[in-house]
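S.K.: To convert a position in the sequence shown, counted from 1, into our numbering, add 91. Cβ atoms here follow ideal geometry from the backbone N, Cα and C, with glycine treated the same way. In this text, all values refer to a predicted model and were calculated from it rather than measured experimentally.
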Amino acid sequence: MNFAEFADLCYELEQTSSRLAKIASAAEYLKQLGPEEIRHGVAFLSGRPFPISDPRTLDIGPEAFAHAAATPEIQDSALPALTLTDVAENFARIAEAGGKGSRSAKYAHLRELVEMADPHERPILFRLLHNELRIGLHDGLIQEAIARASGSELKTVRRAALFLSDLAEVAFVALIQGAAALRDVDIKLFVPVLPMLSELTQDFDGVFAAHGGTTALEYKYDGARVQIHKAGEQVRIWSRRLSEVTRSIPEIAEIARKDLCGDSFIVDGEVVAAGKDGRPYPFQELMRRFRRIRDIETAANDIPVRLHLFDCLLLDGKSLIDEPYENRWEKLREMTAGKNLAARHITGSRTEAETFLKEALAAGHEGLMAKELNSLYMPGNRGKLWFKIKPAETIDCAIIAADRGSGRRRGWLSNYHLAVAGDDGGFSPVGKTFKGLTDKQFTEMTARLQELQLADDGYTVTVKPAIVVEVAYNEIQRSPQYSSKFALRFARIKRIRADKSVEQITTLAELQNLFERQFASKSRRSEL
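#1: Do leucine 285 and isoleucine 357 count as a contact pair if the criterion is CB distance below 9 Å?
#2: Can you tell me which of the three DSSP states valine 336 falls into?
#3: Closest by CA to glutamine 572, which one among Asn181, Pro520, Gly360?
#4: Measure the Cβ-Cβ separation of valine 396 and glycine 360 and say whether it is below 9 Å.
#5: Restricting to Cα atoms, I'd like to know which of Asp294, Gly297, Leu258, Ala252 is closest to aspartate 277.
#6: Which same chain residues, not among the five before or five after glutamine 609, have their C-beta less than 8 Å away from its C-beta?
#7: Shortest alpha-carbon distance to alanine 546 belongs to which of Ala492, Leu467, Ser592?
#8: Just verifying my parser: in three-state terms, what is the DSSP assignment at arginine 569?
#9: Is glutamate 485 near alanine 563, with beta carbons less than 9 Å apart?
#10: Please go through the same chain and pick out, in chain order, the residues whose beta-carbon is closer than 7 Å to the beta-carbon of lysine 197, but skip the five residues on each side of it.
#11: For the alpha helix (DSSP H) that cysteine 403 lies in, which residues bound it at each end?
#12: Which same chain residues end up closer than 6 Å to alanine 512 when comparing Cβ atoms and leaving out the 5 residues on each side of it in sequence?
#13: Would you kindly work out how many angstroms separate the C-alpha atoms of lysine 462 and alanine 95, rounded to a whole number?
#14: Under a Cβ-count criterion, where at least 16 other Cβ atoms within 10 Å of its own Cβ denotes burial, should asparagine 392 be classed as buried or exposed?
#15: For arginine 580, which of helix, strand or coil comes out of DSSP?
#16: Just how far apart, CA to CA, sit methionine 469 and methionine 287?
#17: Would glutamate 309 and methionine 460 qualify as a contact pair, given that the criterion is a beta-carbon distance under 9 Å?
#18: Going by beta carbon distance, what residues of the same chain come within less than 8 Å of leucine 104, once the five residues before and after it are set aside?
#19: I'd like to check one pair, leucine 266 with isoleucine 237: are the Cβ atoms closer than 9 Å?
#20: Can you tell me whether histidine 302 is helix, strand or coil according to DSSP?
#21: What residue range does the alpha helix (DSSP H) around glycine 231 cover?
#22: Considering only residues of the same chain and omitting the five flanking positions on each side of glutamate 639, which have a CB-CB separation below 7 Å?
#23: With 16 other CB atoms within 10 Å as the buried threshold, where does glutamate 260 fall?
#24: Could you tell me which of Val326, Gly314, Gly498, Leu201 sits nearest to glycine 353, measuring between CA atoms?
#25: To the nearest angstrom, report how far apart serine 617 and glutamine 603 are at their CA atoms.
#26: Report the rounded CA-to-CA distance for arginine 569 versus phenylalanine 577, giving the unit in angstroms.
#27: In whole angstroms, what is the alpha-carbon distance linking serine 614 and glycine 439?
#28: For alanine 434, collect the residues of the same chain with a Cβ closer than 7 Å to its Cβ; drop the 5 residues on either side in sequence, then sort them by chain order.
#29: May I have the straight-line CA-CA distance separating phenylalanine 606 from aspartate 413, to the nearest angstrom?
#30: Nearest to serine 137 by CA position, among Cys101, Ala322, Ala161, Leu111, is which residue?
#31: Taking the runs of the beta strand (DSSP E) that are 3 residues or longer, which of them lie wholly in the segment 528-555?
#32: Excluding the five sequence neighbours on either side, which residues of its own chain have a C-beta within less than 6 Å of the C-beta of methionine 426, listed in chain order?
#33: Is the beta carbon of tyrosine 416 less than 9 Å from the beta carbon of serine 334?
#34: Output the boundary residues of the beta strand (DSSP E) element that contains histidine 211.
#35: Leaving aside the five residues before and after glutamine 375 along the sequence, list all residues of the same chain whose C-beta is less than 7 Å from its C-beta, in chain order.
#36: Strictly by DSSP, which residues pair up with glutamine 325?
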């Protein structure tokens, strides 16, 4: 397929408000892709230069974009038409340029690609380079387009997407191998799946009601979620964002090889940085471990880590996804011999639950998880099967813009516009804050936001939502100022959540729920 046809589709979708029309156009596009074009064709449709399962990045900064934008247009009708494959191959060359002289090589490959694009194609090409198509086609609509193009049931496409974690792969299976192959997709070794998520609450009574009177409580550790895959001696570990982190935490890989029984398995857990006394180090210390690619042994001595497991998704070739939580826990307990397990207590008593929460907090942990005993493991799902119970009032927000600082914050992008996940697949603003970060973090954040810049009016820089921060606040208030209709009072950043993606931030529905419970709590206090 010529890239001009893809550009035509993008311009059409940009002007189309109808959800059904978007799905129909995207499905027709998918039908026209050749087998060798499907993976990168779907990645491009998602606004990504590479499929999500491909770890490569273009790694080009604002200077490279400015350099490319200045490339003169070549008026030569004899030039061959730019194809999707041409673009994919040039993206690969840019990503793979490394070592001495890599910047010049990247510039050369980028310029070559831009020269091949005509004026109609260039705007779409530059959007892809920025990882931001802005055509109103989120992953849910792409799933519907795949179902329509392949003649598969939507529920089958969605289930396959949970296990493959990459719509490019889902589309390839659906369009090339067929609906039967799509139905056979299941959890698979060394193909990470999105972690099951939880709803935030402070209400034990609500948890017990949702879970039929009894729930399994586990410590909620202030660490990084990991998914460990093992087959024989081979071990690979992924973060909650599905980035491979095996090299950064070799001692965890060694635990998987030596201390966990089973020829093959996939387990879910949390890695925590902790001292000899068992007290957890701050989360940011742990993130230093995950960012290290050199001197790992030194880092391991400086920042030791511990593993706390809480789920088993596959054991000795058998998927446990569709087995109840209690069965999965028993398999996990057997394979670990009770070691490296999350602290757990099953109860239907509020008094016992509150005591267990106090114990978790006294040990330096975040709070508790509450899990329904019969819950199946649902990758990427956030619902009432699992609850996160934290006494501190915090939510996870995406940064969607930043204001230029003044006074001692001059030179930094330091007043951050915060947003939760909107009901329409977009982002709903809930406030601003410049509080909570150190000077070093302001500097690092400014550099990162400049890389994500979409627009700049001289005061406010609009950015691609890619950075997640955990935000503490005193109160949620009604506010006509924001499209969300809510604002956070006295918001401050508690920490930067490099381990989370924007798909995992707090939703507007969750914020509404927190507001209502806060209001109800105030009403009860006023009656006392």
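M.R.: In this structure, then:
#1: Not a contact, by the Cβ cut-off of 9 Å.
#2: For valine 336, the secondary structure class from DSSP, reduced to helix, strand or coil, is coil.
#3: Nearest C-alpha to glutamine 572: Pro520.
#4: For the 9 Å CB-CB criterion, valine 396 and glycine 360 do not form a contact.
#5: Ranking the options by Cα distance to aspartate 277, first place goes to Ala252.
#6: Contacts found: Glu566, Ile567.
#7: Ranking the options by Cα distance to alanine 546, first place goes to Ala492.
#8: Strand.
#9: Glutamate is not the amino acid found at residue 485; the sequence shown has threonine there. Yes, the pair counts as a contact, with Cβ atoms nearer than the cut-off.
#10: The beta carbon of lysine 197 lies closer than 7 Å to those of Ile151, Ala155, Ile185, Ala188 in the same chain, with the five residues before and after it left out.
#11: Cysteine 403 -> not in any alpha helix (DSSP H); beta strand (DSSP E) instead, spanning 396-406.
#12: Excluding positions up to five away in sequence, the list reads Ile596, Thr598.
#13: Distance from the CA atom of lysine 462 to the CA atom of alanine 95, rounded to whole angstroms, is 50 Å.
#14: Looking at its Cβ environment, which holds fewer than 16 other Cβ atoms inside 10 Å, asparagine 392 is exposed.
#15: Strand.
#16: One alpha carbon belongs to methionine 469, the other to methionine 287, and they sit about 6 Å apart.
#17: In this structure, glutamate 309 sits near methionine 460, with a CB-CB distance shorter than 9 Å.
#18: Lys113, Ser116, Ala117, Ile226, Gly227, Leu228.
#19: With contacts defined by Cβ atoms closer than 9 Å, isoleucine 237 and leucine 266 form a contacting pair.
#20: Here histidine 302 sits in coil by DSSP.
#21: Segment 230-241, the alpha helix (DSSP H) holding glycine 231.
#22: Lying before the first or after the last residue shown, residue 639 is absent from the chain, which here runs from 92 to 619.
#23: Glutamate 260 is buried by the Cβ-count criterion.
#24: Of the listed residues, the one whose Cα sits closest to glycine 353 is Val326.
#25: Confidence is the limiting factor: at serine 617 the pLDDT is only 34, short of 50, which leaves the residue's position unreliable, though a coordinate-based value still follows. Taking the straight line joining both Cα atoms gives about 21 Å.
#26: The straight-line gap from Cα to Cα measures roughly 5 Å.
#27: Because the pLDDT of serine 614 is 42, which lies under 50, any placement of that residue in the model is unreliable, and the number read from its coordinates should be weighed accordingly. Going from the Cα of serine 614 to the Cα of glycine 439 covers about 26 Å.
#28: Sequence-distant partners of alanine 434 (beyond 5 residues in either direction) whose C-beta falls short of 7 Å from its own C-beta, in its chain, are Glu309, Tyr310.
#29: Each residue's alpha carbon lies about 34 Å from the other.
#30: Selected option, being the one with the closest Cα: Cys101.
#31: Runs found: 544-547, 551-554.
#32: Apart from sequence neighbours up to five positions away, the residues of its chain that approach methionine 426 with a beta-carbon distance below 6 Å are Leu351, Cys352, Gly353, ordered along the chain.
#33: Judged by their CB atoms, tyrosine 416 and serine 334 are not nearer to each other than the 9 Å cut-off.
#34: Segment: none, histidine 211 is in no beta strand (DSSP E) and carries neither H nor E.
#35: Closer than 7 Å at the Cβ level, and outside the excluded window around glutamine 375, lie Arg586.
#36: Beta bridge pairing from DSSP links glutamine 325 with Ala322.
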